[in-house]
Amino acid sequence: MNVAVFDRLAYLDALKAGGVSEEHARAHASALDAALRDSVATKGDLEREIGKLDGRFAQIEARFAQTDAKIAETKSEILRWMLTAMLGQTALLLTVLKLL
């Protein structure tokens, strides 16, 4: 894991310039440095997570492609059955009309 850049010396100087004792300033700087190391995401962390998300999106896109293919297949099958039923009904109707 990359470490976030934190200038402890500059922070220490800013605290001392603000009237904080050196002992307290050092304690604050150490605590903030530790907190930033543990909780701040770095560019490398974000790039890794983005890579994971890209992989997941690729999987989702593949699933959508499979679903689209199944829908197209089902659509053509339904159309084929509808056409067959319509032709059968037409043939039956013509046969009934000839018998009358």
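In the numbering used here, each number is its position in the sequence shown, counted from 1, plus 5.
Glycine is no exception: its CB is placed at the ideal position from the N, C-alpha and C atoms.
The structure presented is a predicted model; accordingly, all values stated were derived computationally and were not measured.
Proximity below 8 Å, CB of residue i to CB of residue j
i: Ala30; j: Leu37; result: no
i: Phe11; j: Leu51; result: no
i: Ala34; j: Arg13; result: yes
Rounded C-alpha distance that separates residue i from residue j
i: Trp86; j: Gly49; result: 56 Å
i: Leu88; j: Leu105; result: 26 Å
i: Leu102; j: Glu78; result: 36 Å
i: Ala82; j: Asp43; result: The amino acid occupying residue 82 in the given sequence is Glu; Ala does not appear at that position. Taking the straight line joining both Cα atoms gives about 57 Å.
i: Gln64; j: Ala22; result: 55 Å
i: Leu97; j: Asp59; result: 57 Å
i: Ala46; j: Lys80; result: 48 Å
i: Leu84; j: Gln71; result: 20 Å
Cβ of residue i within 8 Å of any chain D Cβ
i: Ala77; result: Note that chain D does not occur in the displayed structure, where there is just one protein chain.
Inset, instruction - Starting from the N-terminal side, write out each stretch of the alpha helix (DSSP H) that is 4 residues or longer and does not extend beyond the region 13-89. - result: 13-22 and 27-44
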